[in-house]
Amino acid sequence: MAGKRGPNAGLLDRLNDRSATIAVVGLGYVGLPLACALAEAGHRVIGIDAAAEKVQGVNAGRSHIDDVTNAQLQRLIADKRLSATQDYQAATAADAAIIAVPTPIDEYRVPDLSAVRAASASLSQVMPKGSLVVLESTTYPGTTEEVIVPAFRDRGYMPGVDVFIGYSPERIDPGNQTWNIRNTPKVVCGLTKSCLEVTIALYSTIVEKLVPVSNIRTAEITKLFENIFRGVNIALVNEFQVICDAFDIDVWEVIQACSTKPYGFTPFYPGPGLGGHCVPVDPFYLAWKARQLDVNTEFIELSGRINAAMPSYVVRKVASLLNGNHKSLNGARVGLLGVAYKKNSSDVRESPAIKVIELLLEEGAGVSYHDPHVKSLTVNGQVFRSVPNLRDFLGAQDCAVVVADHDSIDWTLVLQFAPMIVDTRNVLGRLNPSSARSPQRIERSID
Ligand SMILES: NC(=O)c1ccc[n+]([C@@H]2O[C@H](COP(=O)([O-])OP(=O)(O)OC[C@H]3O[C@@H](n4cnc5c(N)ncnc54)[C@H](O)[C@@H]3O)[C@@H](O)[C@H]2O)c1
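The sequence shown begins at 691 in the working numbering and counts up by one.
Listed below in structure tokens is the structure:
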């Protein structure tokens, strides 16, 4: 005799045989690749986004995300596997919804959960009984239970019975050619056993290895710890760079030598400061929540301060290099090479280039940039446009500053034609080790 089917049985069937309809809320760096992966797996996917231009772009087969090609979008749209809308009513037909909206901080570094609140309030009004709602946005422990669950309870839905609720932090690394949605293990959790079962069924269709954890707050804090781990280690190596510079030691050579230790050492690299939507922002989510519990987060605060000071360290290097060549920063022409927050990306959110430009302008420098991935950049209301021709760009500078070491920049040309270079990424040291006494401080002068 067949066993009793649980409240999630129908949903499990639809997820397992890939006949489910999934709403993905927020079609950004996380949501759009996720929506495509779910559609490729056979589900019907409805993308919901507040931004009209993104919805129109997706429906027209124009991708705004580097990792999703126009061709892939066009195929999924033509096959009716994917569509986009601004209207949450579309989710009345959904078996599951994944929330991937932004979780920024405000000017006082306080978590801004307004998008998560808005998305969960809207979904709670439209998701049918027996459906699954998973939060993917990075956030502090407690958010799912404090924001998502009450929204559905207010509608009279009992979690685990009328609606299944899960949390699964996103680990996508935009631009990473090795690790993608499918082969990156994914932490999952459900509010109840039934919730976990359907959350696992959903993600099993697109991810090879799932890592269930015992409760939602553990899943939420896991993501924060991953990013705090990076932020703290980058701060350590940034501080170490300053120390090495004072000793006239090449920090990159030190890291390379340390990395030969087969155990107990993980290399992190110095740079012009943190960028992106995650590592500079997420630690403040935990710090804010921990303050409510009277818990200190000293490593987090300290690493935040060290990383935030890096753009001014870079500008000091530019000033010192110019000074060594009888030039002042005031009036100098300084050109940034790469303004995205990381190599091979067009993402300028929280990019250290923005702070570097601000500081250079304050000191009276004339600033321009070359970045094949970023056509324009707005800093304090001033619009900068990438100078397309690298040779012309280099010829117009007194000093070049490497901020993002994109593969698409011809670094041999940079080495040849930049009059002075501050290389925050060691790209020129890697290219031609003998050219750099200390690659981070190439501070090379060819005049
Ligand atoms: N970008 C990454 O590499 C990355 C990696 C892991 C985790 N995360 C986390 O994932 C979440 C999303 O980040 P992202 O980088 O994709 O952000 P994003 O800004 O690229 O995309 C978010 C999208 O949500 C839309 N949106 C905002 N409010 C909405 C609402 N109420 N309803 C519907 N749509 C709404 C925006 O228009 C935007 O298109 C954040 O919590 C972030 O911390 C990001």
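Every residue, glycine too, gets a C-beta built ideally from N, C-alpha and C. What you are looking at is a predicted structure, and each value in this text was computed from that prediction instead of being measured.
Taking only the alpha-carbon atoms, compute the straight-line gap between Glu887 and Arg807 and give it to the nearest angstrom.
Their Cα atoms are separated by approximately 25 Å.
What does the alpha-carbon distance come out to for the pair Leu803 and Gln867?
31 Å
Would Gly700 pass as a contact of Gly850 if the rule is Cβ separation under 8 Å?
no
Look up Phe1074 in the DSSP assignment and give the residues it is bridged to.
As computed with DSSP, Phe1074 is found in a beta bridge with Leu1067.
By DSSP, does Asp940 sit in helix, in strand, or in coil?
Coil, per DSSP.
With a threshold of 7 Å, establish whether the CB of Pro831 neighbours any heavy atom of ligand 1.
Not one heavy atom of ligand 1 lies closer than 7 Å to the C-beta of Pro831.
Between which two residues does the alpha helix (DSSP H) carrying Cys885 extend?
Lys883 to Ser894
From Leu1069 to Glu1048, what does the alpha carbon distance come to, in whole angstroms?
The amino acid occupying residue 1069 in the given sequence is Val; Leu does not appear at that position. Using only the alpha carbons, I get a separation of about 7 Å.
Mark Asp707 as exposed unless 16 or more other C-beta atoms lie within 10 angstroms of its C-beta, in which case mark it buried.
exposed
Taking the beta strand (DSSP E) that Pro801 falls in, what are its first and last residues?
Looking at the DSSP string, Pro801 is not in any beta strand (DSSP E), and its letter there is neither H nor E.
Restricting to runs no shorter than 4 residues, where is the alpha helix (DSSP H) found entirely within the segment 1026-1105?
1042-1052 and 1080-1085, all fully within the segment 1026-1105.
Tell whether a beta-carbon distance below 8 Å holds between Arg1115 and Gly963.
For Arg1115 and Gly963, no; Cβs fall outside 8 Å.
Using a Cβ-Cβ cut-off of 7 Å (strictly less than) and excluding sequence neighbours within five positions of Val1004, which residues of its own chain qualify?
Sequence-distant partners of Val1004 (beyond 5 residues in either direction) whose C-beta falls short of 7 Å from its own C-beta, in its chain, are Pro962, Val1046, Val1091, Val1112 and Thr1114.
If I measure Cβ to Cβ from Phe989 and keep anything under 7 Å in the same chain, skipping five residues before and after, which residues do I get?
Val922
Consider the C-beta atom of Asp785 and the heavy atoms of ligand 1; say whether any pair is separated by less than 7 Å.
no
Please classify Pro859: does DSSP put it in a helix, a strand, or coil?
coil
Check Arg1023 in the structure and name its three-state DSSP category.
strand
Is Val806 helix, strand or coil when you go by DSSP?
helix
Just curious, the alpha helix (DSSP H) that Cys726 is in, first and last residue?
Gly721 to Glu730
So Cys1089 and Leu1027 are in contact, right, with Cβ under 8 Å, and what is the actual spacing, rounded?
Rounded, the Cβ-Cβ distance is 11 Å, inconsistent with contact.
Can you tell me which of Tyr798, Ala761 and Gly737 puts its alpha carbon nearest to the alpha carbon of Ala783?
Gly737
Buried or exposed: Asn1079, going by 16 or more other Cβ atoms within 10 Å of its Cβ?
exposed
Please indicate yes or no: does the CB of Thr912 lie closer than 7 Å to some heavy atom of ligand 1?
no
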